[in-house]
Amino acid sequence: MTATLSRKVWDRHVVHRAAGEPDLLYVDLHLIHEVTTPQAFDGLRLAGRKVRRRDLTLATMDHNTPTLDIDKPNPDQIATRQLEALVRNCKEFGIRLYPLGHANQGIVHVIGPQLGLSQPGMTIVCGDSHTSTHGALGALAFGIGTSEVEHVLATQTLPQVRPQTMAITVDGDLPDGVTAKDVILAIIARIGVSGGAGSIIEYRGSTIRGLSMEGRLTVCNMSIEAGARAGMIAPDETTYAYLEGRPHAPKGADWQRALDDWRSLATDPGATFDREVTLNASDLRPYVTWGTNPAQSSTIDGLVPDPASFSDAPRRESALRALRYQDLKPGTLIRDIAVDTVFIGSCTNGRLDDLRAAAAVLRGRTVKAGMRALVVPGSAEVRERAEAEGLDRVFIAAGFEWRYAGCSMCLGMNPDVLAPGERCASTSNRNFEGRQGTGGRTHLVSPGVAAATAVLGHFAEPKDLTS
Amino acid sequence: MRAVTVFTARAVPLDRADVDTDQIIPSDWLKRIERTGFGAGLFSEWKKDPSFVLNDPRYAGAEILLAGANFGCGSSREHAPWALEDAGFRAIVASSFADIFRNNSLKIGLLPVVIDAAIVSALMRAVELDPALEITVDLQAQRLVVTRVKVDVAFAIDAFTKWRLTEGLDDIGLSLRHEVDITRHESGRASWSPKVA
Ligand code: SF4
């Protein structure tokens with residue numbers, strides 16, 4: 001019997017299976033944060049239930065935490081009430097919490113891999129759609145809602161209908177300046193925002209194999225933007241090298257045992273997928289989204305499209321609405337679009353490699369006068385390591401603000417928001433209307449493009465600065 | 468959760484594809500720690516436009532939302548179904564839904580009804596012509612019926628979820644029936660499986 005990676009991981013976690021019922025899946029790691037949990041804990045209290053596996057549950061604060069003056073009282077009282085609720089709930093139910101100010105605090109999807117908690121072959125859930133990120137390590141990881149959070153807290157399981165399988169194979173060498181972010185934006189442009197619906201995507205091919213773990217995390221992170229239930233990459237030497245020595249990674253004899261096991265997870269030769277898509281890496285360029293969903297993108301050399309050119313009526317309607325919201329005219333060169341704000345951060349591109357890539361572009365350069373630019377590291381540890389390398393000084397010298405870790409302007413729940421009409425080049429993952437603040441206009445880009453854009457004041461790639 | 472069986476209600480047409488959860492309930496509302504009261508935030512940005520369909524008094528009191536494909540894409544916030552439920556909606560009818568939104572809705576008994584895109588469009592046009600048009604959603608029979616315009620179509624739902632919804636059963640209680648299996652699985656987990664505490 002041949003099987004795919006996702007099927008192998010799925011089958012290992014089936015606690016109960018019966019015809020006509022969803023499989024009951026065991027959850028190896030449950031990450032929680034302040035926003036999607038208060039009502040789940042209320043539900044537990046109401047029913048008189050306990051947390052079944054406190055040792056498999058980890059909490060942090062990320063979504064509505066401030067990124068400035070984190071040691072001072074938070075003037076946002078509603079946010080404070082929510083953060084305090086998490087503290088109270090974790091205390092009452094005995095859950096480990098990395099609060100704001102703790103060395104391990106950070107965006108849920110950044111700290112899981114960083115601590116070595118996210119490992120191949122595991123099932124990982126979190127009340128957050130970008131839980132797909134952890135699939136980069138060969139885990140089956142997906143986002144859940146608050147009722148499901150309560151379910152996992154109480155039972156450490158989830159009833160789930162097994163999704164279909166989809167292979168996305170990317171082969172070839174990435175051209176200079178093209179990053180993991182561009183790979184996933186190209187994939188989403190190709191299959192659409194619901195192209196992965198009902199499926200677990202497995203990313204394959206030489207290009208994916210050649211990505212660093214951080215690049216793979218970026219790719220899997222945005223699986224949900226293609227509508228997929230999860231995204232996975234088979235573990236390999238890159239995965240093991242990344243994990244070895246991390247705080248929660250297996251040690252000693254367990255490390256060898258784990259390696260033997262993890263090596264058996266890859267999709268068997270001859271196993272088939274319900275759907276297959278292939279892309280050629282050498283065709284790719286840096287991408288910039290022009291619309292209000294992540295599939296509405298163009299290459300940096302391209303133009304804002306004419307909605308009339310879309311033959312499909314809902315896509316045409318949606319492009320028309322998007323251009324109206326984004327205040328863009330068809331036929332405008334992407335490079336001619338002026339930008340007000342640059343945001344570098346989020347669970348997509350807020351890791352150390354991302355900050356290094358942006359800093360490499362900014363070294364010895366300055367942000368264009370009048371622009372606002374901020375870097376928000378994905379975790380306290382990323383911030384600390386970046387400072388140890390002097391990246392903070394590069395950013396500050398260039399005119400960027402250097403902030404504390406959190407989701408920040410990715411979703412605008414804290415004071416880091418766009419003003420109405422403000423246009424932002426953002427390394428995050430969602431360009432929905434108002435995502436970064438009411439009336440704000442978001443364009444998704446890679447860290448390198450974000451940095452070059454900050455210098456020139458319009459969309460640009462790093463190469464544009466040297467030529 | 469109240470049991471879902473059969474109900475008849477008026478509908479409001481939201482003719483847009485890929486409606487994302489950030490539009491259904493903007494992130495500012497996510498700071499609340501209560502379970503109720505999210506209806507006031509439903510589509511709060513779009514509602515600022517007086518011509519937005521949910522502002523049209525002819526559709527006041529509608530309990531069914533007719534929507535474009537891939538409804539509920541984006542974040543996992545259950546606040547989106549909560550907002551729809553709190554605003555009085557009992558079912559969303561569309562040609563497809565985003566997976567997490569669909570799961571979240573089913574948890575609280577807000578029914579995502581998937582029917583053919585052409586029929587969704589036809590129903591939108593019919594409701595625009597006659598906002599008083601009544602639609603019957605029959606979960607037991609798995610049919611959506613609009614007698615006046617001769618629509619009578621089947622919709623799919625897995626047998627387990629249907630049973631849970633029609634009986635109004637607590638999902639957690641159902642899973643805990645398998646406590647023995649859960650414990651057995653736990654005893655077989657790999658020695659290196661990471662522990663947080
Ligand atoms: S960084 Fe953005 S996408 Fe990631 S978890 Fe935070 S809010 Fe969600």
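Which chain is which? The protein sequence lines are C and G, in order. Going by this note's numbering, the first sequence opens with residue 1, and the numbers climb by one from there. Going by this note's numbering, the second sequence opens with residue 468, and the numbers climb by one from there. The C-beta atom is built at its ideal place from N, Cα and C for all residues, glycine as well. On a predicted model such as this, the values are computed, not experimentally measured, just so you know.
Using DSSP with H/G/I as helix, E/B as strand and the rest coil, what is A558 (chain G)?
A558 (chain G) falls in the strand class under three-state DSSP.
Does at least one heavy atom of ligand 1 sit under 7 Å from the Cβ of L86 (chain C)?
No, Cβ of L86 (chain C) sits at least 7 Å from all heavy atoms of ligand 1.
Using DSSP's beta-bridge definition, name the partner residues of G231 (chain C).
Note: G231 (chain C) sits in a beta bridge opposite C:I201.
According to DSSP, is D23 (chain C) part of a helix, a strand, or is it coil?
Residue state, collapsed to three classes: strand.
In terms of residue numbering, what span does the alpha helix (DSSP H) encompassing D566 (chain G) cover?
Unbroken alpha helix (DSSP H) run through D566 (chain G): 566-575.
When Cβ atoms are compared, which residues of the stretch 487-507 of chain G fall closer than 8 Å to chain C?
Listed in sequence order: D487, D489, Q490, P493, S494, D495, L497, K498, R499, I500, E501, R502.
Determine, for M232 (chain C), whether the minimum Cβ-Cβ distance to residues of chain G falls below 8 Å.
Using beta-carbon distances, M232 (chain C) does not count as an interface residue toward chain G, since no partner is under 8 Å.
In three-state terms, what does DSSP make of R441 (chain C)?
Residue state, collapsed to three classes: strand.
Cβ of E663 (chain G) within 8 Å of any chain C Cβ
Checking the sequence, you will find Val at residue 663 (chain G) rather than Glu. For V663 (chain G), the nearest CB of chain C lies under 8 Å from its own CB, placing it at the interface with that chain.
Do you know how far the Cα of V375 (chain C) is from the Cα of F41 (chain C)?
Note on geometry: alpha-carbon atoms of F41 (chain C) and V375 (chain C) lie some 33 Å from one another.
At the level of alpha carbons, what is the spacing between S298 (chain C) and P579 (chain G)?
So the alpha carbons of these two residues sit roughly 33 Å apart.
Ordered along the chain, which non-local residues of its own chain (more than five positions away) have a Cβ less than 6 Å from that of E401 (chain C)?
Excluding sequence neighbours, E401 (chain C) sits near L374.
Beta-ladder partner(s) of T628 (chain G), from DSSP
Bridge partners of T628 (chain G): none, in fact.
Using a C-beta cutoff of 8 Å, does E7 (chain C) count as contacting chain G?
What sits at residue 7 (chain C) in the sequence shown is Arg, not Glu. Chain G contact via Cβ: absent.
Distance between T633 (chain G) and L551 (chain C) (C-alpha atoms, nearest Å)
For residue 551 (chain C) there is no data in the structure shown, the boundaries of chain C being 1 and 467.
What residues from chain C crowd round D461 (chain G), counting only those whose CB sits closer than 9 Å?
With chain G running from 468 to 664 in the structure shown, residue 461 (chain G) is simply not present.
Closest Cβ-Cβ distance between F622 (chain G) and chain C: below 8 Å?
False, the Cβ-Cβ gap to chain C never drops below 8 Å.
Please name the residue in G:G528, G:A484, G:T488 whose C-alpha comes closest to that of L600 (chain G).
That would be G:G528, whose Cα lies nearest to the Cα of L600 (chain G).
I'd like to know whether the C-beta of I522 (chain G) is nearer than 8 Å to at least one C-beta of chain C.
In the sequence on display, residue 522 (chain G) carries Asn and not Ile. It does not; no Cβ of chain C falls within 8 Å.
Below 8 Å on the Cβ atoms is my contact criterion, and I expect I582 (chain G) with L551 (chain G) to pass it. Report the Cβ-Cβ distance as a whole number of Å.
Approximately 18 Å separates the beta-carbon atoms of I582 (chain G) and L551 (chain G); this is outside 8 Å, ruling out the contact.
What residues of chain G sit near V161 (chain C), judged by a beta carbon separation below 8 Å?
Per Cβ cutoff of 8 Å: D625.
Find the residues of chain C that neighbour L643 (chain G), judging by a C-beta separation of less than 7 Å, and give them in chain order.
Those are T155, listed as they occur along chain C.
Y471 (chain C) versus P163 (chain C) - alpha carbon distance
Examination of residue 471 (chain C) is not possible in this model, given that chain C is present from 1 through 467 alone.
Taking 7 Å as the cut-off, is the CB of D236 (chain C) close to at least one heavy atom of ligand 1?
Because no heavy atom of ligand 1 lies under 7 Å away, the Cβ of D236 (chain C) does not count as near it: no.
In angstroms, rounded to a whole number, what distance separates the CA positions of N221 (chain C) and L590 (chain G)?
Cα to Cα, N221 (chain C) sits roughly 37 Å from L590 (chain G).
Considering only the beta carbon of each residue, do V486 (chain G) and A534 (chain G) sit closer than 8 Å?
Taking 8 Å as the cut-off, the Cβ atoms of V486 (chain G) and A534 (chain G) count as close.
For C540 (chain G), which three-state DSSP category applies?
The three-state secondary structure of C540 (chain G), taken from DSSP, is strand.
If contact means a Cβ-Cβ distance below 9 Å, which residues of the stretch 648-659 of chain G contact chain C?
Of all residues in the stretch 648-659 of chain G, D648, I649, R651, H652, E653, R656, A657, S658, W659 have a Cβ within less than 9 Å of some Cβ in chain C.
Please confirm if the stretch 288-302 of chain C is in contact with the stretch 29-39 of chain C, defined as three or more CB-CB distances below 8 Å between the two stretches.
Counting Cβ pairs under 8 Å, fewer than three are found: no touch.
Through-space distance from T453 (chain C) to E433 (chain C), alpha-carbon basis:
Going by C-alpha positions, E433 (chain C) is about 21 Å away from T453 (chain C).
On the three-state DSSP scale, how would you describe V471 (chain G)?
Note: V471 (chain G) maps to coil in three-state DSSP.
Taking 8 Å as the threshold (C-beta atoms), are G196 (chain C) and R166 (chain C) in contact?
At residue 166 (chain C) the sequence reads Met, which differs from the Arg that was named. Contact check for M166 (chain C) against G196 (chain C) passes: the beta carbons are separated by less than 8 Å.
To the nearest angstrom, report how far apart A322 (chain C) and C424 (chain C) are at their CA atoms.
Whole-angstrom Cα-Cα distance: 15 Å.
I'd like to know if the stretch 633-650 of chain G and the stretch 143-154 of chain C are in contact, where contact means that at least 3 CB-CB pairs between them fall below 8 Å.
The stretch 633-650 of chain G vs the stretch 143-154 of chain C: in contact.
I'd like to know whether the C-beta of N293 (chain C) is nearer than 8 Å to at least one C-beta of chain G.
Put simply, the CB of N293 (chain C) is near chain G, with a gap under 8 Å to one of its CB atoms.
8 Å Cβ cutoff met for G412 (chain C) and R435 (chain C)
Against a cut-off of 8 Å, the Cβ pair of R435 (chain C) and G412 (chain C) comes out as a contact.
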